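For reference, the structure discussed in these notes is given below.
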Amino acid sequence: MKALLRGRALRRLDGKAYRFCQDPDCEVVYFDREAESIFQRSDLAVRVGQKQSADPIPICYCFDVTIADLRSDLATFGATPILEMIASEVKAGHCACEVKNPQGSCCLGNISKTVEKILVDLRAAAV
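For what it's worth, my numbering labels the leading residue of the sequence shown as -11, then goes sequentially.
Listed below in structure tokens is the structure:
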């Protein structure tokens, strides 16, 4: 979390048990209820993919993958090699999810869900 906060926000860091807010409609990204401390989207130096609706929407912070990259592959080829590429890089120890991803965890689950959603949307548009 520290690596993602802007300087002014970093100076306000006083909580010990911050949690990530996944609600896409909420401006809050991190909160610690006990410390009554919050950080909003504007406090971060990166775009938080789960809270964006306009491209580029980052989904993999380690390997610079956006939702538009997934959508392009799926619309053009009906599949994407991105999941396999990231899984391979993770296995090789090349990821830094705990530092780069605002969620603090691996993006593969989010990518799998996003691929499924895009495929459903593409199928619906084709009908």
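The C-beta atom is built at its ideal place from N, Cα and C for all residues, glycine as well. If you're wondering where the values come from, they're calculated on a predicted model, not measured in any experiment.
Separation of residue j from residue i, as counted between CA atoms
i     : j   : result
A63   : G3  : 44 Å
D52   : E24 : 33 Å
G37   : R21 : 23 Å
A5    : Y18 : 10 Å
R111  : M73 : 25 Å
Y(-6) : H82 : Correcting the residue type first, residue -6 is Arg in the shown sequence and not Tyr. Distance between the alpha carbons of R(-6) and H82 is about 25 Å.
Spatially closest choice to residue i from the options, by CA coordinates
i   : options              : result
I47 : C94, E77, K79        : C94
P12 : I55, A114, S41       : S41
A56 : K39, K105, I45       : I45
F8  : R(-4), I70, R59, E86 : E86
Own chain residues within Cβ distance below 6 Å of residue i, not counting five before or after
i   : result
K88 : Y49, C50
Integer-rounded CB distance, given that residue j should sit under 8 Å from residue i
i   : j   : result
R29 : E15 : 6 Å
L96 : A75 : 6 Å
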